[in-house]
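Report on the structure given below.
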Amino acid sequence: MSTQPFNAAEHQASTLYLPPGTWRTVVDCLCEHFQAISREQWLDRIARGRVLDASGAPIGLELGYKEGLRIHYFREVPNEVPIPVQETILYADEHLVVADKPHFLPVTPAGEYVEQTLLRRLIRTLDNPHLVPLHRIDRHTAGLVLFSANPQSRSAYQSLFPTRRIEKHYEAIARALPDLELPRVHKSRLVEGEPFFRMQEGPGVRNTETRVEVCEKNADLWRYALYPVTGKKHQLRVHMAALGAGICNDPFYPDVLKDAPDDYANPLKLLARSLRFADPLTGEERYFESRIRLDW
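Numbering-wise (UniProt numbering), the sequence shown opens with residue 1 and increments by one.
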């Protein structure tokens with residue numbers, strides 16, 4: 001039996017410390033605490049081993065309630081709508097998995113997406129519940145995502161990002177900027193914006209940096225090479241909009257397209273094109289490139 005503590009984040013589980021109350025069982029507490037989820041749904045999840053105790057073991061129906069007891073559960077979305085796009089696995093070994101994510105597919109469970117995410121699809125395909133993304137890209141963005149496949153070597157690969165020992169190259173199509181001197185480095189401070197899912201530039205110490213180059217011109221549209229030094233949420237989308245060239249088909253920047261449905265024929269023209277780094281285990285230079293291409 002493993003002596004390692006259960007890591008909820010690694011297993012993509014949510015955690016609840018049972019609140020004060022007079023319930024007889026954990027099930028009774030869950031039913032009242034999450035009133036949008038029926039008792040039948042909780043009983044079904046427990047029967048399938050989808051509700052766990054602090055050690056990661058499935059709980060029983062008669063587990064007694066105790067204030068502060070730590071419970072882990074896996075989010076489920078009934079009747080989750082399929083996302084009609086297909087990811088590609090570009091590379092996989094015992095430590096690392098590299099996937100090519102299509103537009104519109106989330107990397108990890110959030111909101112209305114649980115099973116229809118890159119992580120859950122890869123776990124099923126590779127039969128590896130230990131997969132954990134080493135970084136994220138937006139649901140609207142396509143391209144490369146690295147996953148750790150082995151908890152023993154995970155920290156070595158995770159350290160590549162905060163120490164900036166990985167070169168990230170993105171590609172974007174946006175309107176031409178003939179009056180702007182390019183290439184250039186854009187630095188700014190990103191803070192939370194409105195609505196809650198947006199970011200915006202604000203005053204204060206700069207916390208983001210992106211190098212912007214032009215790699216192809218096509219009348220009123222240009223293809224840009226973007227090299228983010230930092231990795232803040234929506235950084236490239238905000239920076240391009242701030243320069244006056246919001247990325248084509250962006251539903252959030254510079255303006256929010258309210259309640260806009262996913263338009264699979266016209267995705268955001270932003271691609272995580274390539275990744276380059278020295279493998280922290282072997283020292284070997286690694287280079288991966290997306291097979292997805294942005295059409296004009």
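In this text, a Cβ means the ideal position worked out from N, Cα and C, and glycines have one as well.
Cα-Cα separation, E32 to A99: In a straight line, the C-alpha of E32 is about 40 Å away from that of A99.
Proximity below 8 Å, CB of V77 to CB of E112: Yes.
Coil, strand or helix - S2 by DSSP: Bear in mind that a pLDDT of 44 at S2, under 50, signals an unreliable position, so the number given afterwards is only what the model happens to contain. Three-state result, S2: coil.
Residue from P267, L271, P19 with nearest C-alpha to R136: Nearest to R136 by alpha-carbon distance, out of P267, L271, P19, is L271.
Continuous alpha helix (DSSP H) stretch holding R154: start and end: The continuous alpha helix (DSSP H) containing R154 extends over residues 154 to 158.
CB contact flag (L122, L131, <8 Å): Yes, they are a contact pair.
Start and end residues, beta strand (DSSP E) containing L96: For L96, the enclosing beta strand (DSSP E) starts and ends at 96 to 101.
V238 versus A13 - alpha carbon distance: The alpha-carbon atoms of V238 and A13 are separated by roughly 31 Å.
The stretch 165 to 180 touching the stretch 229 to 245, judged by at least three CB pairs closer than 8 Å: Yes: the two stretches touch, three or more of their Cβ pairs being nearer than 8 Å.
Residue range of the beta strand (DSSP E) that includes A278: First-last of the beta strand (DSSP E) with A278: 270 to 278.
Reference A241, options V212, P261, K258, closest by Cα: Selection V212, P261, K258 evaluated against A241 yields V212 as nearest (Cα-Cα).
Distance between A278 and A92 (C-alpha atoms, nearest Å): One Cα belongs to A92, the other to A278, and the distance between them is close to 16 Å.
Cβ shell of E209 (< 8 Å), same chain only, five flanking positions each side left out: Correct list, in chain order: V185, H186, K187, P228, V229, T230.
Cα-Cα separation, P195 to N207: P195 and N207 have their alpha carbons spaced roughly 21 Å apart.
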